[in-house]
Each structure stands twice: as C-alpha cells, then as structure tokens.
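Visitor: Under the working numbering, the first residue of the first sequence is numbered 7, with each subsequent residue one higher.
We put the beta carbon where it would ideally sit given N, CA and C, even for glycine.
As the structure is a computational prediction, the values presented were derived from the model and not from experiment.
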Amino acid sequence: MSLKIATWNINSVRLRLPLALRYLSEHQPDVLCLQETKCPDDAFPTRDFQRAGYGHFAIYGQKGHHGVAIVSRLPLSAVGARKFCGIGDARHISAEIDEDLGGRPVRLHNFYVPAGGEEPDPEVNPKFAHKLAFLEEMQDWFANDPVMRDHGVLVGDLNIAPLEHDVWSHKALAKVVSHTEVEIAALKNIQEAGMWVDALRANVPEDQKLYTWWSYRSPDWESSDKGRRLDHVWLSPSLAARQVGTTILREARGWERPSDHVPVMVELTSA
DNA sequence: ATGTCGTGAAGGTCACGA
Numbered sequence: 007m008s009l010k011i012a013t014w015n016i017n018s019v020r021l022r023l024p025l026a027l028r029y030l031s032e033h034q035p036d037v038l039c040l041q042e043t044k045c046p047d048d049a050f051p052t053r054d055f056q057r058a059g060y061g062h063f064a065i066y067g068q069k070g071h072h073g074v075a076i077v078s079r080l081p082l083s084a085v086g087a088r089k090f091c092g093i094g095d096a097r098h099i100s101a102e103i104d105e106d107l108g109g110r111p112v113r114l115h116n117f118y119v120p121a122g123g124e125e126p127d128p129e130v131n132p133k134f135a136h137k138l139a140f141l142e143e144m145q146d147w148f149a150n151d152p153v154m155r156d157h158g159v160l161v162g163d164l165n166i167a168p169l170e171h172d173v174w175s176h177k178a179l180a181k182v183v184s185h186t187e188v189e190i191a192a193l194k195n196i197q198e199a200g201m202w203v204d205a206l207r208a209n210v211p212e213d214q215k216l217y218t219w220w221s222y223r224s225p226d227w228e229s230s231d232k233g234r235r236l237d238h239v240w241l242s243p244s245l246a247a248r249q250v251g252t253t254i255l256r257e258a259r260g261w262e263r264p265s266d267h268v269p270v271m272v273e274l275t276s277a
C-alpha cells in the first residue's frame, strides 16, 4: 500500500476543472494540493471533485488572486491556514491526513509563495520585499515549531528554482526573480530549519535539467524548453525514508488550455 | 526586451498580477 500526494499550480480551478478531473482519473493521487485556485471558498467546485471520489477538502481561497486547496479521498483533520506577513491572502493551508503511515498521521503543508515581481531589489520592489519576508517567516516557523514539521510533507509553488539545473540557463537567470542568490539562500534556510528533504532531487541527479513550469510567453515551450523548477515536494526525514518515487507530468503542459505549471506527485510506502 | 495568460471592474476594453 502507498500514499500518493500531488501538487499543482492550476491557475484557476474553475477554468481548468476538466484538466484537474482528468489528472485525478489518469494518475489516481490520494491527495491533490492546488495553488492559484483564484476562487472564493463558496464557489469551489466541491461537488465535481466529490463525484470523482474526492470528498474531503481543506480550502483557503479568495476572489481573483492566489488561493490554495487540498482535495482528498482520505479524511483530513486539524486543518489550519496560516496568514504570513500579517496578510490573509490565501497562500498556505495545512491538514493532517488520517492515514496510518508509520503509526501516525501525516502533516501536509500546501504553499503558494509570492512570485516577487520583476525587480530583485527589496528597496525598490515591495513585491520582492514581501517574498523575502514571507520566506523568512517560513524559516522562523519551522525552526521554532517542531510539531508543524514533524512527519510532514511540504508541497507547493515556492516560486524559486534553487539549483543550477533547475533553470534552463543558470547564467541568463542569475538576476531574474526566482533564481537570485538571495532567494536561493532563503529557501535553503527554510529547508535546514525544517530538516526538509528535497524529494524531486532525491530521484534526479543535480546535473540533470528538471522543470515544472514553462512560461506562457513562449509559444514553442516544448522545443525551446526554457523551463524552471518552481514547484516542490519536501519530506521530513521520517517520511523521506518511505519515498518510493516522484513524477513530474510534463505532458500536462501540452494539454488543451493548460496551466503554465504541471502536476508533481510523490509516492510514499505505508509498508 | 519580448512574449501570454486569468480575473475583475467596468462598460463592449483595460489594469493588474503572474
């Protein structure tokens, strides 16, 4: 037996509901974490997910922008949504998955980290300052709250591609928001504070290119392949030992009216 | 530097965020 957890920045859950249902049907994750749902909670398409066998929800959305949700066929409990930087802008939700994995439930965190705007200078760009403050608060939280990081899975669109081969050109993107030194250092600090293990890179050597996002602005995304690894799955040590594998569904970028991000899944063994 | 999406509030297109 195993537990399969997926994460996907879907860029509007209502517009792309058919794609979400297709993904669930074809790949059968137990739990799907969504970002950029762009959907108020009372308009979330729970009925459609229920019909597909996913009847448990943890939702934190708002009108227009951002928004996160956990859609599950397993019961969820202890749902929490943390407001970072004193702003309730629907960027984090967590829940416990009541599935026996080594004798205790799994704590799942679903994040949508601020994109950070264009200019990588917190002095002139308040969006970049917000991103850095958000990352620092994540670090403090996981450093100081062992319960929140214990037996945990952290997923989401972290909007940072940390390694050289997490972007199509390390040199071209050195000063582009998502791959700057200061962001990469901040992400590393969070990882260390929470003792998180990077599950995607556990299966793919660091010298191989690995992407989860391709810009809409490139009409030939597949041939030019100028991607970035912005979406992540992190595991606490107790769960890293249970990892079976990960899958990045690159083909979903070529689906009709796609998101610019593709679904990412991790499989954990319960044996 | 360019490019393309989705949403909301207007108002029959544009601003904004990404």
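Can you tell me where the beta strand (DSSP E) holding E228 begins and where it ends?
Guide: Premise fails: E228 lies in the alpha helix (DSSP H), 227-230, not in any beta strand (DSSP E).
Visitor: Which complete beta strand (DSSP E) runs does the segment 124-173 hold, if anything under 3 residues is left out?
Guide: DSSP runs (the beta strand (DSSP E)) wholly in the segment 124-173: 158-163.
Visitor: Tell whether a beta-carbon distance below 7 Å holds between P128 and A135.
Guide: Contact flag set, yes.
Visitor: Would you call the CB atoms of E212 and L169 closer than 7 Å?
Guide: Yes, Cβ-Cβ distance for E212 and L169 is below 7 Å.
Visitor: Indicate whether the contact test is met: 3 or more Cβ pairs, each with one atom in the segment 170-184 and one in the segment 42-61, closer than 8 Å.
Guide: Output reads no: the segment 42-61 does not touch the segment 170-184.
Visitor: Nearest-angstrom Cα distance between G158 and A139?
Guide: In a straight line, the C-alpha of G158 is about 23 Å away from that of A139.
Visitor: Roughly how far, in whole angstroms, is the beta-carbon of V268 from the beta-carbon of T13, given that I think they are within contact range, below 8 Å?
Guide: Not quite, the Cβ-Cβ distance comes to about 10 Å (not below 8 Å), so this is no contact.
Visitor: Measure the beta-carbon distance from R113 to D47 and round it to whole angstroms, keeping in mind my assumption that it falls under 8 Å.
Guide: Between D47 and R113 the Cβ distance is about 22 Å, and since that is not below 8 Å, they are no contact.
Visitor: Hey, N236 and N165 are a contact pair by Cβ (cut 8 Å); roughly how many whole angstroms apart?
Guide: In the sequence as displayed, the identity of residue 236 is Leu instead of Asn. So it is a contact: roughly 5 Å between Cβ atoms.
Visitor: For the beta strand (DSSP E) containing G251, name the first residue and the last one.
Guide: 249-254 is the extent of the beta strand (DSSP E) around G251.
Visitor: Please return the same chain residues whose Cβ sits closer than 7 Å to the Cβ of A96, not counting the five positions on each side in sequence.
Guide: Here the set comprises Y66, G67, Q68, H72, G73, V74.
Visitor: Have a look at A199 and L241 and give me their C-alpha separation to the nearest angstrom.
Guide: If I take the Cα positions, the gap works out to 13 Å.
Visitor: So what does DSSP say about F50, is it helix, strand or coil?
Guide: Coil.
Visitor: Buried or exposed, going by whether 16 or more other CB atoms sit within 10 Å of the CB of I196?
Guide: Buried, since its Cβ has 16 or more Cβ neighbours within 10 Å.
Visitor: Less than 6 Å between C-beta atoms, sequence neighbours within five positions excluded: which residues of the same chain meet that for F50?
Guide: Only I65 meet the Cβ criterion.
Visitor: Assuming S83 and D104 form a contact by the criterion Cβ under 8 Å, report the distance between their Cβ atoms to the nearest whole angstrom.
Guide: Yes, S83 and D104 are in contact; Cβ-Cβ is about 6 Å, under 8 Å.
Visitor: If you count every other CB in all the chains shown that lies within 10 Å of the CB of D163, and 16 or more means buried, which is it?
Guide: D163 should be labelled buried.
Visitor: How is A208 classed by DSSP in three states: helix, strand or coil?
Guide: Looking at A208 - three-state DSSP - the assignment turns out to be helix.
Visitor: Put E257 into one of helix, strand or coil per three-state DSSP.
Guide: If DSSP states are grouped into helix, strand and coil, E257 belongs with the helices.
Visitor: In chain order, what residues of the same chain have a beta carbon less than 7 Å from the beta carbon of Y118, not counting five sequence neighbours either side?
Guide: Here the set comprises Q41, E42, H72, V74, R97, G162, D163.
Visitor: Could you say which of L141, G123, K133, F55 lies nearest to F90 if we only look at CA atoms?
Guide: Measuring from the Cα of F90, the nearest candidate turns out to be L141.
Visitor: DSSP three-state label for C45, please.
Guide: Correct three-state label for C45: coil.
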